[in-house]
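Enquirer: Going by our numbering, the first residue of the sequence shown is number 27, and it counts up by one from there. Note that beta-carbon positions come from the ideal geometry of N, C-alpha and C, so glycine has one too. The structure presented is a predicted model; accordingly, all values stated were derived computationally and were not measured.
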Amino acid sequence: MRSILKIACFCLIVSLFAANHPQRAEASFDVSAASAVLIEQNSGRILYEKDAFTKRRIASITKIMTAILAIESGKLDQYVKVSEQAVRAEGSSVYLKPGEKIKLEDLVYGLMLRSGNDTAVAIAEYVGGSVDGFAFLMNQKAKEIGMLNTHFANPHGLDDHENHYSTAYDMAILTRYAMHNKIYQKISGTKVHRAPNPTESWDRVWKNKNRLLTKYKYTTGGKTGYTKRAKRTLVTTASKGDMNLIAVTLNDPNDWDDHISMYEYGFKDYDMAEVLTKGKIDIKSPKYFQNHLFLKKSIVYPATSQEMDLFSIKYKLNKPDKKWDDENKQERVVGKAIVYLDGRAVEESPIYYQSLPKKEKGLFESVKKIFFSLIGVNAHG
């Protein structure tokens, strides 16, 4: 191990494993989709892809963005008055009635489970002020979360705009973002939802169109889509053990089976490797950092069995400052741990410096003085 001082930083490189060339898992299957991608949710690593960065029509998987914006508006418990424009939306519908008032939360369920285009327009008008205003919010969010090859022109994905497209990879990014939201997780994975029907004596009962929720036991959610020009589009999520996966297919006549094939490949060929465990970091040099550094969370990354020997870690630390112990903060970020797989940075996590609280330090100094005075030694000598 060696220390390198450069621009007020210490870079401590610790080799964990032998530096061999990686042997990536080769997929033993192909999919019928024009575009497809499988990613691991927590890291974002691509485990499989087929033409995943080509812009294509996406149909109703558009509604993932509509749903997350509605959820993030913080208005799910408020009532929305359904407009004539919403009721007139073409295609799939939950048959809202003009003038009825319905909770925004129920609209999101109708959007995700039954792919209601009427619910999409009602949500857009309520959250964005208008369909165009909502489309602006959609594109703003897309840019914010890194969807670099996406443009939204409406909240439902109908083929009424040429300038409405995304990629399989961008839709995986969107789903990865949405799955951080527990409300989205719940709605996306719901098999059946009941919603009030104000003009009838019976409730609306909406069954999820996502057949994988019953066909494949590891499925946790997703969204279906279809238009004549986009053909079949599908986003699903699945979890097994500590691995969470996201699959996306665009223009795929065999999407249900293709998603299962991708998931089976991901779960079989990859494991979640705990490269660094949360807690104290044992660094012997420089001495100032000893017993003070720790990680708040473990670093876990998906890898094949052949890749397990290819991880290495670099600890990049700020120049030590003795004032840290004299200030009120008990912990502060003083650098980062960077995980490399076969020489390529794949993950990083902040490194924290923890100093003793002032009361503890004062007590320690008092006890130390008493102890040394009893044995006749100057505590500072």
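1. Ignore the nearest five residues each way along the sequence and tell me which others in Ile257's own chain have a CB closer than 6 Å to its CB.
2. Tell whether a beta-carbon distance below 8 Å holds between Ser214 and Gly248.
3. Going by beta carbon distance, what residues of the same chain come within less than 8 Å of Gly121, once the five residues before and after it are set aside?
4. With a CB to CB cut of under 6 Å and the five nearest residues on each side skipped, what residues in its chain are close to Ile102?
5. Taking its Cβ as the centre, do 16 or more other Cβ atoms sit within 10 Å of Met197, making it buried, or is it exposed?
6. Using DSSP's beta-bridge definition, name the partner residues of Glu66.
7. With DSSP as the reference, label Leu260 as helix, strand or coil.
8. Label Asp229 either buried or exposed according to how many other C-beta atoms from any shown protein chain fall within 10 Å of its C-beta, with 16 as the threshold for buried.
9. By the 10 Å Cβ neighbour count, where 16 or more other Cβ atoms means buried, how is Tyr210 classified, buried or exposed?
10. Which residue wins for smallest C-alpha separation from Val57, given the options Val108, Leu260, His318?
11. Rounded to whole angstroms, what's the CA-CA distance from Ser456 to Tyr135? Just pull it up for me.
12. With C-beta atoms as the reference, is Ala299 less than 8 Å away from Tyr327?
13. To the nearest angstrom, how far is the alpha carbon of Tyr244 from that of Lys323?
14. Measure the alpha-carbon distance for Lys167 versus His182 and round it to whole angstroms.
15. Whose C-alpha, out of Val218, Thr88, Leu184, is nearest the C-alpha of Met164?
16. So what's Lys304 in DSSP terms, helix, strand or just coil?
17. Going by C-alpha to C-alpha distance, which of Ala53, Gly117, Ile128 sits closest to Asn223?
18. With DSSP as the reference, label Gln316 as helix, strand or coil.
19. Which ranges would you report for the beta strand (DSSP E) in the stretch 93-157 if only whole runs of at least 3 residues count?
20. Could you pull the DSSP bridge partners for His187 from this structure?
21. Taking its Cβ as the centre, do 16 or more other Cβ atoms sit within 10 Å of Phe15, making it buried, or is it exposed?
22. Excluding five sequence neighbours on each side, which residues of the same chain lie with their C-beta closer than 7 Å to the C-beta of Asp186?
23. Can you give the beta carbon distance from Val410 to Val365, rounded, assuming they're within the 8 Å contact cut?
24. Can you give the beta carbon distance from Lys342 to Lys362, rounded, assuming they're within the 8 Å contact cut?
25. Which residues in the same chain have their Cβ closer than 8 Å to the Cβ of His190, if we skip the five residues on either side of it in sequence?
26. Would you tell me roughly how many angstroms separate the C-alpha atoms of Asp268 and Phe293, rounded to the nearest one?
27. For Pro328, which beta-bridge partners are listed by DSSP?
28. Should Phe160 be labelled buried (16 or more other beta-carbon atoms within 10 Å of its own) or exposed?
29. Using alpha carbons as the reference points, say which of Pro346, Ala146, Lys81, Gln67 lies closest to Asn270.
30. Identify the continuous beta strand (DSSP E) that holds Thr253 and give its terminal residues.
31. Please check the pair Met91 and Leu200, which I expect to be a contact at CB under 8 Å, by giving their CB distance rounded to whole angstroms.
32. Rank Ile65, Trp282, Leu321 by C-alpha distance to the C-alpha of Lys304 and give the top, closest one.
Expert: So, to answer that:
1. Translated into positions along the sequence shown, residue 257 becomes position 231. In the sequence on display, residue 257 carries Lys and not Ile. Counting only Cβ-Cβ distances below 6 Å, and skipping sequence neighbours, we find Asn277.
2. Position 188 of the sequence shown, counting from 1, holds the residue named residue 214. Position 222 of the sequence shown, counting from 1, holds the residue named residue 248. Cβ distance < 8 Å, so Ser214 and Gly248 count as in contact.
3. Looking up residue 121 in the sequence shown gives position 95. For the record, residue 121 in the displayed sequence is Tyr; it is not Gly. For Tyr121, where only same-chain residues beyond five positions count, the Cβ hits under 8 Å are Asp144.
4. If you number the sequence shown from 1, residue 102 lands on position 76. Note on identity: in this sequence residue 102 is Leu, with Ile being the wrong assignment. Counting only Cβ-Cβ distances below 6 Å, and skipping sequence neighbours, we find Leu130, Glu131.
5. Taking the first residue of the sequence shown as position 1, residue 197 is located at position 171. With 16 or more Cβ atoms within 10 Å of its Cβ, Met197 is classed as buried.
6. Along the sequence shown, read from residue 1 onward, the residue named residue 66 stands at position 40. Per DSSP, Leu271.
7. On the sequence shown, residue 260 is found 234 positions in, with the first residue counted as 1. Leu260 falls in the strand class under three-state DSSP.
8. Counted from its first residue, the sequence shown places residue 229 at position 203. Exposed, by the Cβ-count rule.
9. Position 184 of the sequence shown, counted from the first residue, corresponds to residue 210. Per the 10 Å Cβ criterion, buried.
10. The residue you call residue 57 lines up with position 31 of the sequence shown. The shortest C-alpha separation from Val57 is found at Leu260.
11. Nothing about residue 456 can be reported from this structure: the residues present for the chain run from 27 to 407 only.
12. For the purposes of this step, residue 299 is taken as the residue at position 273 of the sequence shown. For the purposes of this step, residue 327 is taken as the residue at position 301 of the sequence shown. Yes.
13. Position 218 of the sequence shown, counting from 1, holds the residue named residue 244. Position 297 of the sequence shown, counting from 1, holds the residue named residue 323. Going by the C-alpha atoms only, they are around 26 Å apart.
14. One-based indexing of the sequence shown puts residue 167 at position 141. One-based indexing of the sequence shown puts residue 182 at position 156. So the two alpha carbons sit approximately 16 Å from each other.
15. As a first step, residue 164 is located in the sequence shown; it is residue number 138 there, counting from the start. Per the Cα distances, Thr88.
16. Residue 304 sits at position 278 when you count from the first residue of the sequence shown. In the structure shown, Lys304 sits in coil (DSSP, three-state: anything other than H, G, I, E or B).
17. Along the sequence shown, read from residue 1 onward, the residue named residue 223 stands at position 197. It is Ile128.
18. Start at 1 with the first residue of the sequence shown, and residue 316 comes out as number 290. Coil.
19. 105-107, 127-129
20. The residue you call residue 187 lines up with position 161 of the sequence shown. None, per the DSSP bridge assignment.
21. This structure does not reach residue 15, given that the chain is present from 27 up to 407, and the question cannot be answered.
22. As a working note, residue 186 is residue 160 in the sequence shown. Same-chain partners within the cutoff: Asn180.
23. This structure leaves residue 410 out entirely; the chain is present only between 27 and 407.
24. If you number the sequence shown from 1, residue 342 lands on position 316. If you number the sequence shown from 1, residue 362 lands on position 336. Between Lys362 and Lys342 the Cβ distance is about 5 Å, and since that is below 8 Å, they are a contact.
25. Position 164 of the sequence shown holds residue 190. Closer than 8 Å at Cβ, skipping near neighbours: Arg83, Ile84, Thr88, His177, Phe178, Ala179, Asn180, Gly183.
26. Translated into positions along the sequence shown, residue 268 becomes position 242. Translated into positions along the sequence shown, residue 293 becomes position 267. Cα to Cα, Asp268 sits roughly 10 Å from Phe293.
27. Here residue 328 is taken as the residue at index 302 of the sequence shown, counted from 1. DSSP, once it has assigned bridges, lists Met298 as partnering Pro328.
28. Here the question's residue 160 lines up with position 134 in the sequence shown. Under this definition Phe160 is a buried residue.
29. Here residue 270 is taken as the residue at index 244 of the sequence shown, counted from 1. Measuring from the Cα of Asn270, the nearest candidate turns out to be Gln67.
30. For this step, residue 253 is matched to residue 227 along the sequence shown. 245-253 is the extent of the beta strand (DSSP E) around Thr253.
31. Translated into the one-based positions of the sequence shown, residue 91 becomes position 65. Translated into the one-based positions of the sequence shown, residue 200 becomes position 174. The pair is a contact, with the Cβ atoms about 6 Å apart (cut-off 8 Å).
32. As a position in the sequence shown, residue 304 is number 278, starting the count at 1. Out of Ile65, Trp282, Leu321, Leu321 has the C-alpha closest to the C-alpha of Lys304.
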